[in-house]
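Undergrad:
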Amino acid sequence: MAERDEMTVGEPPAADIDALEQAARDWLILLNSGKASARDIEACRRWRARSAAHARAYDDARYLWSALHVAAEKVAAKTPRHDMASGGLPRAGRMTRRALLGGGMAAAAAAGMMFYPPLGLWSSLGALSADFHTVKGEQKRIALGDGIEMRLNTRTSLNRLTSVARGDGVKVLEGEVSFLNRSAGPLTVIAGSGELRASEARFTVRHTGQDVCVTCVEGRLALHHAQGDYALHGAQQARYNRMSVVLTEEVDLETELAWQNGWLVFHDRPLSEVIDEVNRYRDGHIWIQNESLSQRRFQGRFPIGQLADIPEMIRDSYGARLTRLPGGVAILG
């Protein structure tokens, strides 16, 4: 009786609180899995609205989920790369759904999400442990050597090459980088399945998944690939993966370099590609769950620092349905 008197009015029993917390974790994992349907999203909204206790359980779970990346960054900062490579941290593949939903959710999720961040909401452990890296929305200038400058775009990671016989070199692990080599000494850049060498040149490298895009802005650079050797000069571009290389004789440099001036510029691009690009910069994540909407064409430009209201802009421009969720998550359908 004494315990009942001490409970807050309207507060569910402890057993019910545990059940709510577990259900909240269920919802959060589903919504961040990439498999949630529009019905799932609406069901989650109804679940949260059932009571203040439901809403609080969801907010508490979301807070834990959001806070895990802070722990991941701290671990990455203190963990040598050779420890990670030798298996010093748990492998993500060993995680089970039960581990996430049980009492060990924080430890299991932190280990897995350091390697596979949900929705790409923060940098992976590999990116954080690179010699040079930026997180989402960050850009950074770095002097690599005498006369060599790098400008890293959002979510970019590079390692310094130690096996270069002459000059300086880096390996682009992911993201986008602008290189300026004012010296006559060679700069070597490895990205995906290609190797670039340039002296007295300015060029950009974008590495996403298995695909690499190299744009020569000024000077000349050489691309070595299994498909052959290629020479690029001003305004030429090469796109390649392991199997092929495609050259473009002249690209729009103003569009290609817009991010360096604080803009995202799109010319007749599918909306799905526009959203993929916006997600690289914007806090949270935008999903398009309507295939027809994702293929609509888009032309426009956005300031990189003002991307928060993109979902509303798309809703108003295309008559789409918009569902907002905490953490900057938006669903368009």
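So in full-length UniProt numbering, spot 76 of the sequence shown is number 76, and the numbers just go up one at a time.
Glycine is no exception: its CB is placed at the ideal position from the N, C-alpha and C atoms.
Between the alpha carbons of Leu322 and Gly333, how many angstroms are there, rounded?
TA: Locating residue 322 in the sequence shown gives position 322, where the first residue counts as 1. Locating residue 333 in the sequence shown gives position 333, where the first residue counts as 1. Looking at the two C-alpha atoms, the distance is approximately 7 Å.
Undergrad: Apart from the five residues just before and just after Ala143, which ones in its own chain have a Cβ nearer than 7 Å to its Cβ?
TA: Stepping through the sequence shown from its first residue, residue 143 is reached at position 143. Excluding residues within five positions, the ones whose Cβ falls inside 7 Å are Glu149.
Undergrad: Is DSSP giving Ser157 helix, strand or coil here?
TA: By one-based count along the sequence shown, residue 157 stands at place 157. Strand at Ser157.
Undergrad: In terms of residues, what are the limits of the alpha helix (DSSP H) holding Arg315?
TA: Here residue 315 is taken as the residue at index 315 of the sequence shown, counted from 1. Residues 310–318.
Undergrad: For Ala184, tell me which candidate among Asn159, Gly175, Gly219, Asp59 has the shortest Cα-Cα distance.
TA: Translated into the one-based positions of the sequence shown, residue 184 becomes position 184. The shortest Cα separation from Ala184 among Asn159, Gly175, Gly219, Asp59 belongs to Gly219.
Undergrad: What does the Cβ neighbour count give for Leu247, buried or exposed, with the cut at 16 atoms within 10 Å?
TA: On the sequence shown, residue 247 is found 247 positions in, with the first residue counted as 1. With fewer than 16 other Cβ atoms within 10 Å, it is exposed.
Undergrad: Can you grab the Cα-Cα spacing for the pair Ala92 / His133, in whole Å?
TA: For this step, residue 92 is matched to residue 92 along the sequence shown. For this step, residue 133 is matched to residue 133 along the sequence shown. Low confidence applies to Ala92: its pLDDT is 39, below 50, so where it sits in the model is not reliable, and the reading given next is rough at best. Approximately 22 Å, taken between the alpha carbons.
Undergrad: Counting beta carbon pairs with one atom in the region 231–246 and one in the region 262–274, are three or more of them shorter than 8 Å?
TA: no
Undergrad: Mapping the DSSP letters down to three states, classify Tyr58 as helix, strand or coil.
TA: For the purposes of this step, residue 58 is taken as residue 58 along the sequence shown, with counting starting at 1. Looking at Tyr58 - three-state DSSP - the assignment turns out to be helix.
Undergrad: Just to confirm my understanding: we take Arg147, look at its own chain, exclude 5 residues before and 5 after, and list those with CB closer than 7 Å. What are they?
TA: Counting from one through the sequence shown, the residue named residue 147 turns up at place 147. Correcting the residue identity first, residue 147 is Gly in this sequence and not Arg. Answer for Gly147: Asn181, Arg182, Ser183, listed in chain order.
Undergrad: Which two residues bound the contiguous alpha helix (DSSP H) that contains Ser199?
TA: As a position in the sequence shown, residue 199 is number 199, starting the count at 1. Looking at the DSSP string, Ser199 is not in any alpha helix (DSSP H), and its letter there is neither H nor E.
Undergrad: Measure the C-alpha to C-alpha separation of Leu20 and Gln289 and round it to an integer number of angstroms.
TA: Numbered from its first residue, the sequence shown carries residue 20 at position 20. Numbered from its first residue, the sequence shown carries residue 289 at position 289. C-alpha separation (whole angstroms): 28 Å.
Undergrad: Just to confirm my understanding: we take Val251, look at its own chain, exclude 5 residues before and 5 after, and list those with CB closer than 7 Å. What are they?
TA: Within the sequence shown, the letter at position 251 stands for residue 251. If we look at Val251 and ignore the five residues flanking it on each side, its Cβ neighbours are Thr215, Ala235, Gln237.
Undergrad: Can you tell me whether DSSP reads Ser178 as helix, strand or coil?
TA: The residue given as residue 178 occupies position 178 in the sequence shown. Residue state, collapsed to three classes: strand.
Undergrad: What is the rounded straight-line gap between the Cα of Ser163 and the Cα of Gly169?
TA: Residue numbering aside, residue 163 sits at position 163 when the sequence shown is read from its first letter. Residue numbering aside, residue 169 sits at position 169 when the sequence shown is read from its first letter. Their backbone Cα atoms lie some 8 Å apart in a straight line.
Undergrad: Classify Asn153 as buried or exposed, calling it buried when 16 or more other Cβ atoms lie within 10 Å of its own Cβ.
TA: Taking the first residue of the sequence shown as 1, we reach residue 153 at position 153. Buried is the call here.
Undergrad: Out of curiosity, what's the CA-to-CA distance linking His267 and Gly300?
TA: Your numbering for residue 267 matches position 267 in the sequence shown. Your numbering for residue 300 matches position 300 in the sequence shown. One C-alpha to the other measures close to 7 Å.
Undergrad: Does DSSP put Leu322 in a helix, in a strand, or in coil?
TA: The residue you call residue 322 lines up with position 322 of the sequence shown. Residue state, collapsed to three classes: strand.
Undergrad: Which of the three DSSP states is assigned to Arg4 in this structure?
TA: What you label residue 4 is simply residue 4 of the sequence shown in a count that begins at 1. Low local confidence applies: a pLDDT of 33 at Arg4 is under 50, so the model's placement there is unreliable, and no value is given.
Undergrad: Please report the residue range of the beta strand (DSSP E) in which Glu149 lies.
TA: In the sequence shown, counting from the first residue as 1, residue 149 sits at position 149. From DSSP, the beta strand (DSSP E) with Glu149 extends over 148–152.
Undergrad: My assumption, with CB atoms under 8 Å, is that Ala222 sits in contact with Leu187. Please give the rounded CB distance.
TA: As a first step, residue 222 must be located in the sequence shown, where it is residue number 222. As a first step, residue 187 must be located in the sequence shown, where it is residue number 187. Not really, about 11 Å apart at Cβ, beyond 8 Å.
Undergrad: In whole angstroms, give me the CA-to-CA distance for Glu73 and Val172.
TA: Translated into the one-based positions of the sequence shown, residue 73 becomes position 73. Translated into the one-based positions of the sequence shown, residue 172 becomes position 172. The predicted model places Glu73 with a pLDDT of 45, which falls under 50 and marks its position as unreliable; any figure quoted below should be read in that light. Taking the straight line from one Cα to the other gives about 20 Å.
Undergrad: Gln260 by DSSP, collapsed to three states: which one?
TA: Reading the sequence shown from its first residue, position 260 is the one you call residue 260. Of the three classes helix, strand and coil, the one that applies to Gln260 here is helix, per DSSP.
Undergrad: Is DSSP giving Glu218 helix, strand or coil here?
TA: For the purposes of this step, residue 218 is taken as residue 218 along the sequence shown, with counting starting at 1. DSSP places Glu218 in the strand class (E or B) of the three-state scheme.
Undergrad: Taking all protein chains shown into account, do 16 or more other C-beta atoms lie within 10 angstroms of the C-beta of Ala226, making it buried, or fewer, making it exposed?
TA: Taking the sequence shown and counting its residues from 1, the one referred to as residue 226 is at position 226. Result: exposed.
Undergrad: In terms of DSSP beta bridges, what is Arg239 paired with?
TA: Taking the sequence shown and counting its residues from 1, the one referred to as residue 239 is at position 239. Per DSSP, the beta bridge partners of Arg239 are Cys213, Val246.
Undergrad: Taking the continuous beta strand (DSSP E) assigned at Gly229, which residues delimit it?
TA: Here residue 229 refers to the residue found at position 229 of the sequence shown. The sequence shown places Asp at residue 229, not Gly. Its beta strand (DSSP E) spans residues 228–233.
Undergrad: Ends of the beta strand (DSSP E) at Leu332?
TA: Position 332 of the sequence shown, counted from the start, is the residue given in the question as residue 332. For Leu332, the enclosing beta strand (DSSP E) stretches over residues 329–332.
Undergrad: Since Val278 is in the alpha helix (DSSP H), which residue starts that stretch and which ends it?
TA: Reading the sequence shown from its first residue, position 278 is the one you call residue 278. Start and end: 271–279.
Undergrad: Taking 7 Å as the limit between beta carbons, can you name the residues of its chain near Asn159, skipping five residues before and five after?
TA: Counting from one through the sequence shown, the residue named residue 159 turns up at place 159. Leaving aside the five residues that flank Asn159 on each side, the residues in its chain whose CB is nearer than 7 Å to its CB run, in chain order, Ala130, Asp131, Val170, Lys171, Leu173.
Undergrad: So Leu144 is in the beta strand (DSSP E); what residue range does that whole segment cover?
TA: By one-based count along the sequence shown, residue 144 stands at place 144. Start and end: 140–145.
Undergrad: Considering only DSSP beta bridges, list what Ile17 is partnered with.
TA: Walking along the sequence shown from the start, residue 17 turns up at place 17. None, per the DSSP bridge assignment.
Undergrad: Return the CA-CA distance between Gly327 and Asp40, expressed in angstroms with no decimal places.
TA: Here residue 327 is taken as the residue at index 327 of the sequence shown, counted from 1. Here residue 40 is taken as the residue at index 40 of the sequence shown, counted from 1. Roughly 17 Å separates the two Cα atoms.
Undergrad: Which value, in whole angstroms, describes the spacing of the CA atoms of Arg239 and Gly284?
TA: Here residue 239 refers to the residue found at position 239 when the sequence shown is read from its first residue. Here residue 284 refers to the residue found at position 284 when the sequence shown is read from its first residue. Near 29 Å, if we compare the C-alpha coordinates of Gly284 and Arg239.
Undergrad: Using C-beta distances below 6 Å, list every residue in its chain close to Ala43, excluding the 5 sequence neighbours before and after it, in chain order.
TA: Counting from one through the sequence shown, the residue named residue 43 turns up at place 43. For Ala43, where only same-chain residues beyond five positions count, there are no Cβ hits under 6 Å.
Undergrad: Is the distance from the Cβ of Thr24 to the Cβ of Ala53 below 8 Å?
TA: For the purposes of this step, residue 24 is taken as residue 24 along the sequence shown, with counting starting at 1. For the purposes of this step, residue 53 is taken as residue 53 along the sequence shown, with counting starting at 1. The amino acid occupying residue 24 in the given sequence is Ala; Thr does not appear at that position. No, the pair does not count as a contact, with Cβ atoms beyond the cut-off.
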